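So that you can map any letter, position 19 of the sequence shown is 19 in UniProt numbering, and since no number is skipped, the others follow by simple counting. Glycine included, every Cβ here is placed at the ideal spot set by N, Cα and C. It should be emphasised that the depicted structure is a prediction, and the values quoted were computed from it without experimental measurement. In what follows, a single structure is set out as structure tokens and then discussed.
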Amino acid sequence: MPLEGRSEALVAVSVVVMVISLVTVSFRCFVRWRILKAFGWDDTLMVLAMALDIVLTACAIAGAKEGVGRHFVDFHSSEDLHHAMLWWWLGQCLYICASGIAKVSIALALLRLSVQKYQRMILWTVMGASICISLIFWFLMLLQCHPVSEFWERTGTGKCLNTDILINVAYVYSGICAICDFALGLLPIDLVRQLQINPKTKMALGATLSLGCVASAAVILRIPCLHYYKDIDFLYSTFSIDIWSFIEVGLGITAGSLATLRPLFRAVLGDPPDRKGKKSRGSMPLSSFTEYTRNRLDPEDAAVWRPQPDATRNITTTVISTFRGSLNSPITPTFAAELRKGRSVRIKKSFHVTEEQVGY
Numbered sequence: 001m002p003l004e005g006r007s008e009a010l011v012a013v014s015v016v017v018m019v020i021s022l023v024t025v026s027f028r029c030f031v032r033w034r035i036l037k038a039f040g041w042d043d044t045l046m047v048l049a050m051a052l053d054i055v056l057t058a059c060a061i062a063g064a065k066e067g068v069g070r071h072f073v074d075f076h077s078s079e080d081l082h083h084a085m086l087w088w089w090l091g092q093c094l095y096i097c098a099s100g101i102a103k104v105s106i107a108l109a110l111l112r113l114s115v116q117k118y119q120r121m122i123l124w125t126v127m128g129a130s131i132c133i134s135l136i137f138w139f140l141m142l143l144q145c146h147p148v149s150e151f152w153e154r155t156g157t158g159k160c161l162n163t164d165i166l167i168n169v170a171y172v173y174s175g176i177c178a179i180c181d182f183a184l185g186l187l188p189i190d191l192v193r194q195l196q197i198n199p200k201t202k203m204a205l206g207a208t209l210s211l212g213c214v215a216s217a218a219v220i221l222r223i224p225c226l227h228y229y230k231d232i233d234f235l236y237s238t239f240s241i242d243i244w245s246f247i248e249v250g251l252g253i254t255a256g257s258l259a260t261l262r263p264l265f266r267a268v269l270g271d272p273p274d275r276k277g278k279k280s281r282g283s284m285p286l287s288s289f290t291e292y293t294r295n296r297l298d299p300e301d302a303a304v305w306r307p308q309p310d311a312t313r314n315i316t317t318t319v320i321s322t323f324r325g326s327l328n329s330p331i332t333p334t335f336a337a338e339l340r341k342g343r344s345v346r347i348k349k350s351f352h353v354t355e356e357q358v359g360y
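What follows is the structure in structure tokens.
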């Protein structure tokens, strides 16, 4: 069937949202893999959510070509109607999976930043609630008819769940998703508030991490449309449900990926340590400590403490010891236990060292 009206809008929205999400996820993978070299489970889950979103967009395009978004009277054969219902059903199942995985990915990313116990408990609760309600709604959508094919074939020989039950579960699912999105959007404000950084950076970081809250707007706008599940003109009436489902998944993936792109902006735009471009006082790269300990002289080596005469002069060293201890105290310096570990030297005696150059 030709793409026109709601079918055309369905394809346009799904493709645009998917492309934006794909770009942000690609940049996220570049940052985490190439710049930070720290590709974690949250990144893996976000890539999986992006893959499901791509398949979801493919279902939207195929469904729109088969007639999703059209009135039932526009179908010329029952076979076309069956195909359109099948693509709609596949799209809703993929939407539930992609949305739940994206939420878990965002929660795992915030879990790395959380230091307080209550923050970790909130994130684990969000992940548990998202997984549980997503599985419940997914199984209900998947197995609402017996056999499963009865949902799109509508032969009348099978049995399907009462639509009111599906709508009630959809309300519960949307409410829990909205709460989880708000939690993932507001918790970063509390996380950033405890960081010891300048206010400008704190505001920028908090705003970036809180982008996950934007997805809750799509969930809330989707709730008033849920009653269309029991509309007789099903494929035409559920158009708004489809649109907000695509937007919800896309916003969740995009927001969760944008929060990880700050290192890329710093690498492209440059981020000097201070306004004058000077290194902060007392700062030292961590690698320098390794290099310092590798090249540091061994205090156990006698050559460190004994002068080495060269071919042109002799060095005579006179050591004068002044102390109040016993006459039997050794003249050589006494070192603490840290000497053998190569960490520090502590001298318990005071020495006055003079050098005299003797010519031939």
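Looking at Ala178: is its Cβ nearer than 8 Å to the Cβ of Ser216?
Going by beta carbons, Ala178 and Ser216 fall inside the 8 Å limit.
When the distance is taken between beta carbons, is Leu264 closer than 8 Å to Val13?
In this structure, Val13 lies away from Leu264, with their beta-carbon atoms at least 8 Å apart.
Residue environment, Cys225, which counts as buried when at least 16 other CB atoms sit within 10 Å:
Buried, since its Cβ has 16 or more Cβ neighbours within 10 Å.
My understanding is that Val16 touches Ala60, with C-beta atoms under 8 Å, so please give their C-beta distance in whole angstroms.
Not confirmed; about 11 Å, so no contact.
Classify Ile197: buried if its beta carbon has 16 or more other beta carbons within 10 angstroms, exposed otherwise.
By the neighbour-count rule (16 or more Cβ atoms within 10 Å), Ile197 is not buried but exposed.
Secondary structure of His76, DSSP reduced to three states:
In this structure, His76 counts as coil in the three-state DSSP scheme.
From Lys103, Leu45 and Trp87, residue whose alpha carbon lies closest to that of Gly185
Measuring from the Cα of Gly185, the nearest candidate turns out to be Lys103.
Just the C-alpha distance for Glu153 and Ala64, rounded to the nearest angstrom, thanks.
Going by the C-alpha atoms only, they are around 18 Å apart.
Could you check the C-alpha separation between Ala259 and Trp138 for me, to the nearest Å?
Their backbone Cα atoms lie some 28 Å apart in a straight line.
Can you have a look at Ser210 and say buried or exposed, based on whether 16 or more other CB atoms are within 10 angstroms of its CB?
Classification for Ser210: buried.
Would Met18 pass as a contact of Asp53 if the rule is Cβ separation under 8 Å?
Met18 places its beta carbon less than 8 Å from that of Asp53.
Go ahead and label Ser26 buried or exposed: buried means 16 or more other beta carbons lie within 10 angstroms of its beta carbon, across all protein chains shown.
Under this definition Ser26 is an exposed residue.
From the DSSP output, read off the bridge partner residues of Lys159.
Paired residues: His146.
Please name the residue, chosen from Arg193, Met141, Gly175 and Cys213, that lies closest to Val115 on a Cα-to-Cα basis.
Nearest option by C-alpha distance: Arg193.
Between Gly91, Ser245, Leu22 and Leu191, which lies nearest to Ile122 when the distance is taken from Cα to Cα?
Among Gly91, Ser245, Leu22 and Leu191, the Cα nearest to that of Ile122 is on Leu191.
Is it buried or exposed, Arg6, if we count other Cβ atoms within 10 angstroms and call 16 or more buried?
Looking at its Cβ environment, which holds 16 or more other Cβ atoms inside 10 Å, Arg6 is buried.
So what does DSSP say about His83, is it helix, strand or coil?
His83 falls in the helix class under three-state DSSP.
Can you name the start and end residues of the alpha helix (DSSP H) that Leu48 belongs to?
Segment Trp41 to Glu66, the alpha helix (DSSP H) holding Leu48.
Thr24 classed as buried or exposed, judged by whether at least 16 other C-beta atoms fall within 10 angstroms
For Thr24, the number of other beta carbons within 10 angstroms of its own is at least 16, and it is reported as buried.
If you run the structure through DSSP and keep just helix, strand and coil, what is Arg112?
Secondary structure of Arg112 (DSSP, three-state): coil.
At least 3 beta-carbon pairs within less than 8 Å: the segment 152 to 166 vs the segment 83 to 93
The segment 152 to 166, when compared against the segment 83 to 93, does touch it at the 8 Å Cβ threshold.
Reference Phe246; option with closest CA among Arg112, Ala49, Tyr229 and Met141:
Closest by alpha carbon: Ala49.
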